[in-house]
Amino acid sequence: MSKKTLKKCTVADAYLAVLADRGIDYLFANAGTDFAPLIEALAKAQTLGTPIPEPITCPHENTAQHMAIGHYLVSGRPQMTMMHVNVGTANGMNGLLNAARGYVPMLFTAGRTPTNEDTLKGHRSLDIHWTQEMYDQGGMTREAVKWDYELRNAEQVETIVDRALSIAMSEPRGPVYLSLPREVLSLEIDEFTYDSPTKVNPAAPPAPEPTALDEAASLLANAERPVMITNWGGRNPGVMEPLVAIAERFAIPVVEYRNRYVAMPPRHPMHAGYDPNPYVEDADVIVVFDTAVPWLPSQVRPPEDCKVIHIAADPMYTMVPVRGFPAHLSLTSPADIAFRMMLPVMAEYEKAAAAKIAARRDKITARHEELEEAWASKLAKEKDQSPISPAFISHCLNNLRDPDTIMVKESPLMGQYVDIDRPGTMLNAGAASGLGHGMGVALGAQLAAPDKLVIGTEGDGAYMFNVPISAHYVAAEQNLPILWVVFNNQHWQAVHRSTVGLNPDGYAAKSNRQPLTHFSVEQHYEKAVEVSGGAGFRVTEPGDLMATLDKALNVVTGEKRQALVNVVCGPT
Ligand SMILES: Cc1ncc(C[n+]2csc(CCOP(=O)(O)OP(=O)(O)O)c2C)c(N)n1
6 MSKKTLKKCT VADAYLAVLA DRGIDYLFAN AGTDFAPLIE ALAKAQTLGT
56 PIPEPITCPH ENTAQHMAIG HYLVSGRPQM TMMHVNVGTA NGMNGLLNAA
106 RGYVPMLFTA GRTPTNEDTL KGHRSLDIHW TQEMYDQGGM TREAVKWDYE
156 LRNAEQVETI VDRALSIAMS EPRGPVYLSL PREVLSLEID EFTYDSPTKV
206 NPAAPPAPEP TALDEAASLL ANAERPVMIT NWGGRNPGVM EPLVAIAERF
256 AIPVVEYRNR YVAMPPRHPM HAGYDPNPYV EDADVIVVFD TAVPWLPSQV
306 RPPEDCKVIH IAADPMYTMV PVRGFPAHLS LTSPADIAFR MMLPVMAEYE
356 KAAAAKIAAR RDKITARHEE LEEAWASKLA KEKDQSPISP AFISHCLNNL
406 RDPDTIMVKE SPLMGQYVDI DRPGTMLNAG AASGLGHGMG VALGAQLAAP
456 DKLVIGTEGD GAYMFNVPIS AHYVAAEQNL PILWVVFNNQ HWQAVHRSTV
506 GLNPDGYAAK SNRQPLTHFS VEQHYEKAVE VSGGAGFRVT EPGDLMATLD
556 KALNVVTGEK RQALVNVVCG PT
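For what it's worth, the numbering used here labels the leading residue of the sequence shown as 6, then goes sequentially.
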């Protein structure tokens with residue numbers, strides 16, 4: 006254990022030094038007048054060559070927030086953002102909600118407008134320093150964070166940074182918020198000493214209580230018609246291996262319901278597709294892991310005597326006010342830890358259950374083959390269709406990628422056509438469905454994995470939510486040669502379908518063009534990427550798609566420039 010010392014510094018210098026020491030790689034930021042002491046400290050560190058989180062200029066807060074998320078999803082290390090006082094915090098809220106609902110740890114910070122009107126260093130020097138003051142700036146974030154605080158003096162810097170990071174990284178992980186008053190960042194200190202490395206580490210992850218673990222393992226191993234359902238299980242890179250092992254050995258179907266990541270390779274015979282209903286209505290044991298919503302109660306319910314087991318770091322999903330799914334048994338544990346502990350206990354029952362398992366394996370494999378046939382026949386039917394089918398775009402992207410390619414999804418990309426078989430290669434960070442996440446996530450992922458191909462797929466609606474000029478700017482500035490693919494169906498399909506679902510015989514359902522769901526101007530998104538020196542392509546015919554994607558990929562891999570393919574397409 007050693008100590009490090011800074012002499013004649015400001016709080017801003019000390020704060021950045023501690024953050025760098027704690028392994029924060031980047032400061033994704035969108036600055037304002039509140040940043041003055043911090044910018045001075047960054048410039049000083051750059052001149053003197055002292056370590057700091059590398060500052061990345063993000064022209065919009067949405068880019069910054071989602072870059073922090075994307076980096077964490079690939080590196081496993083939390084990152085930080087900083088926004089301009091209350092207004093920047095407001096713009097960052099969308100990304101903060103996605104981080105919170107996705108259990109993504111991050112340090113979300115913002116300046117705080119000075120309160121001193123004329124004397125202290127950092128005092129008010131502009132009219133906005135009055136109008137940007139709030140009674141409780143952190144209150145805006147409080148529903149979405151695990152902890153929030155305001156830095157008050159020089160003495161607390163190390164304690165507060167360590168507290169913020171250790172809370173964010175303890176399970177269930179999630180974002181924390183820190184506001185930084187301009188006068189406090191400007192405070193001058195003769196000598197600042199801190200521990201290096203830190204003495205405050207995150208809590209070890211929880212593991213299942215032994216009796217509950219035995220009961221869960223016995224229920225699952227002895228079930229007749231079990232099913233496992235997940236939504237974001239694949240976010241945890243440790244899940245795929247033990248999940249596949251359990252599913253394979255015990256012939257248990259795994260449904261990835263509205264999945265944001267991939268926990269179970271879609272080609273695996275125990276992959277049961279994306280619709281839980283046919284399994285839920287018939288199951289005797291259901292394991293729900295990393296899933297707030299395993300099925301829609303308005304569509305299906307498990308049989309009365311079915312046992313439902315939940316596994317998650319927070320299996321009560323306390324962030325959701327109303328959630329009434331049955332929970333006979335809940336294991337408080339990250340799913341990878343629970344699965345690794347369950348497997349040897351389940352193995353004790355394996356022999357006795359062998360005949361049952363063998364019969365079920367044939368059945369589940371046959372059901373998987375039926376799904377594969379249905380997916381293949383949809384693709385065969387739609388591959389020459391114009392406007393281009395999203396199934397065909399997904400198929401072509403699958404042909405373009407290599408197994409390590411990171412696919413970022415904020416689009417109608419169809420998982421059944423993308424042969425993911427490695428953890429962390431499909432990322433959809435919109436856990437709160439706060440659109441505008443995909444481009445920042447792709448940028449953060451590419452920063453964390455500079456040698457991998459990153460393909461960012463966007464719906465046309467989603468693309469615009471990303472403030473794409475901001476994202477393209479960062480891609481160019483940071484040399485992040487991402488291949489962007491826009492599924493341009495000229496409308497908000499999801500909103501359209503929800504309107505028809507509510508009133509199937511209503512006026513909107515009969516209208517050719519529902520209000521508020523269509524884009525009536527032909528959009529040349531391929532031009533937007535050119536603003537930052539990227540290459541843009543537009544495709545309207547299926548026969549041109551693969552060749553155009555190849556051309557765009559050549560720009561990305563050969564010239565190390567971002568490229569965008571605007572694919573004019575139809576509905577899924
Ligand atoms: C910040 C935010 N605003 C609004 C919405 C509501 N919303 C959900 S889906 C959607 C349309 C997305 O359009 P697009 O990306 O083109 O995909 P499509 O639905 O056409 O597949 C909208 C506006 C949202 N999820 N997030």
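The C-beta atom is built at its ideal place from N, Cα and C for all residues, glycine as well.
Predicted model only: the values in this text are computed from it and were never measured.
Beta bridge counterpart(s) of proline 180 as assigned by DSSP: Met111
Proximity test, glutamine 2 beta-carbon vs ligand 1 heavy atom, cut-off 7 Å: The structure shown does not extend to residue 2, since the chain spans only 6 to 577, so no value can be given for it.
Neighbour-count burial assignment, valine 526, 16 or more Cβ in a 10 Å radius: That one is exposed.
Inter-residue CB distance, glutamine 84 and histidine 76 (contact presumed, cutoff 8 Å): Going by Cβ atoms, the distance from glutamine 84 to histidine 76 rounds to 5 Å, so yes, they are a contact pair.
Whole runs of the beta strand (DSSP E) within the stretch 497-561, excluding any shorter than 3 residues: Whole beta strand (DSSP E) segments, 3+ residues: 540-544.
8 Å Cβ cutoff met for valine 166 and tyrosine 20: yes
Distance, threonine 430 Cα to aspartate 409 Cα: 6 Å
Residue from Val327, Leu43, Lys8 whose Cα sits closest to the Cα of aspartate 26: Lys8
Pairwise C-alpha distance: arginine 366 and alanine 358: So the two alpha carbons sit approximately 12 Å from each other.
Beta-carbon contacts of threonine 370 that lie in its chain and below 7 Å, excluding the five residues immediately before and after: Pro274
Counted within 10 angstroms of its Cβ, other Cβ atoms place threonine 135 as buried (16 or more) or exposed: First, the amino acid is wrong: residue 135 is tryptophan here, not threonine. Exposed is the call here.
Per-residue burial, serine 529 [other beta carbons within 10 Å of its own, 16 or more giving buried]: One detail in the question is off: residue 529 reads as histidine in this sequence, not serine. That one is exposed.
Contact under 8 Å by Cβ, valine 150 with alanine 222: Taking a C-beta distance under 8 Å as the contact criterion, valine 150 and alanine 222 do not qualify as a contact pair.
Burial state of serine 438, where buried means 16 or more other Cβ atoms lie within 10 Å: Per the 10 Å Cβ criterion, exposed.
Cβ-heavy atom distance, phenylalanine 397 to ligand 3, below 7 Å: The ligand content of the structure shown is limited to ligand 1, which means ligand 3 is not among them.
Cα-Cα separation between leucine 418 and leucine 521, rounded to whole angstroms: The alpha-carbon atoms of leucine 418 and leucine 521 are separated by roughly 23 Å.
Where glutamine 142 falls, given that 16 or more other Cβ within 10 Å makes a residue buried: buried
Secondary structure of tryptophan 489, DSSP reduced to three states: strand
Reference arginine 187; option with closest CA among Glu138, Asp219, Lys515, Ala95: Glu138
8 Å contact criterion, which valine 479 and leucine 507 should meet: CB distance rounded: Not really, about 38 Å apart at Cβ, beyond 8 Å.
Candidates Glu353, Asp310, Arg345: closest to alanine 332 by CA position: Asp310
Local Cβ density within 10 Å of glutamate 163, reported as buried at 16 or more and exposed below that: buried
Selected residue, minimal CA-CA separation from alanine 46, among Asp30, Val472, Lys13: Nearest neighbour of alanine 46 by Cα position, chosen from Asp30, Val472, Lys13, turns out to be Lys13.
Valine 491 to alanine 352 span [Cα, whole Å]: So the two alpha carbons sit approximately 47 Å from each other.
Contact test: proline 417 Cβ vs ligand 1 heavy atom, cutoff 7 Å: yes
Chain-order list of residues whose beta-carbon lies under 7 Å from that of aspartate 319 (same chain, five-residue window excluded): Pro177
Boundaries (first-last residue) of the alpha helix (DSSP H) holding lysine 368: 359-387
Asparagine 471 versus methionine 444 - alpha carbon distance: 6 Å
Spatial neighbours of proline 119 in its chain, beta-carbon cut-off 7 Å, leaving aside the 5 residues before and after: Gly127, His128, Arg129, His134, Pro186, Arg187, Glu188
Closest by C-alpha distance to isoleucine 44, when choosing among Ile29, Met269, Thr15: Nearest Cα to isoleucine 44 within the set Ile29, Met269, Thr15: Thr15.
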